[in-house]
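The structure appears below as structure tokens.
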Amino acid sequence: MPRRILQLLIGLPLYGVGAALTVDAGLGVDPWTVLAEGLSIRTGIGVGWMTNILGLAILLVWIPLRQRPGIGTLANILTVGTAMQVTLWVLPPISGFVAQHAVLVGGILLVAIASGLYIGARFGPGPRDGLMTGLRSRFGMPIWAARASVELTALVIGWLLGGTVGLGTVLFAATIGPLVHITLPLFDTARMRATTPRGAVPAAPLASPR
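In my numbering, the protein residues as written are 12 to 221.
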């Protein structure tokens, strides 16, 4: 349990930091952050705070979908956007081809590591992931179709509102799945428990099989 809590407490803020880096790079962000950016532009509310607000709004949609939030779900709503907003406050403006692309790649890598940490802690899905699984269980939609339709809707609405769509959006979409496929086994606490003999000391995460 202490390891799981530690992973959650590290992974969620780290996700916010990674997302803030992709925003600061100015080359395009993931679909949900495009929506948060667009709403931020229209309302004047910081993009990090808007990320929290969106998470809460999505959680309300869980009710008709008959999904139940976990501790990790609630922590996600409170933590990710807050860490994102604080990071954006302290980050200097990024300019220049090399710097922008380096910050973008660094942000995506941090998001992948953070995803492995907080998902591997197994305290419940984030609000957006729960929306996808809720659509699958309630209406029988394939998870890929639920994800594609919801994220495409968020992307289009966010873009129309002024959110940043660009290379970063494409790079995030193309790489985050394979990257999390690598990081999640490193931090999956359930997998560690299943592969550790009773009474033995678990191996360090980096020693876990991929």
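Every residue, glycine too, gets a C-beta built ideally from N, C-alpha and C.
Since this is a predicted model, take the numbers as computed values, not measurements.
Within the stretch 64-116, note down every full alpha helix (DSSP H) run reaching 4 residues or more, in order along the chain. Within the stretch 64-116, the complete alpha helix (DSSP H) segments of 4 residues or longer fall at 82-101, listed in chain order.
How far does the alpha helix (DSSP H) with PRO24 in it reach, from first residue to last? 13-36
Starting from the C-beta of ARG147, find all residues in its chain whose C-beta is less than 8 Å away, skip the five residues before and the five after it, and write them out in chain order. Within the same chain, and ignoring the five residues on either side of ARG147 in sequence, the residues whose Cβ sits closer than 8 Å to its Cβ are PRO153, ILE154, ALA157.
Beta-carbon proximity check, LEU182 vs LEU85, cutoff 8 Å: Contact annotation: LEU182 and LEU85 have beta-carbon atoms that are not nearer than 8 Å.
If you run the structure through DSSP and keep just helix, strand and coil, what is ALA201? Per DSSP, reduced to three states, the secondary structure at ALA201 is helical.
Check whether the stretch 157-166 touches the stretch 97-112, counting contact only when three or more Cβ pairs, one atom from each stretch, lie closer than 8 Å. no
Taking 8 Å as the cut-off, decide whether the C-beta atoms of GLY37 and VAL122 are in contact. no
In whole angstroms, what separates the C-alpha of LEU197 from that of TYR26? 16 Å
Skipping 5 residues on each side, what residues in its chain have a beta carbon closer than 7 Å to that of VAL212? For VAL212, the pLDDT reaches just 40, beneath the cut-off of 50, and the residue's location in the model is therefore unreliable, although a value from the coordinates is still provided. The answer is none, since no qualifying residue turns up.
Restricting to Cα atoms, I'd like to know which of ARG14, VAL58, THR33 is closest to LEU172. Checked all of ARG14, VAL58, THR33; the closest Cα to LEU172 is VAL58.
With a threshold of 7 Å on Cβ separation, who are the neighbours of ALA201 within its own chain once the five nearest residues in sequence on each side are excluded? ARG133
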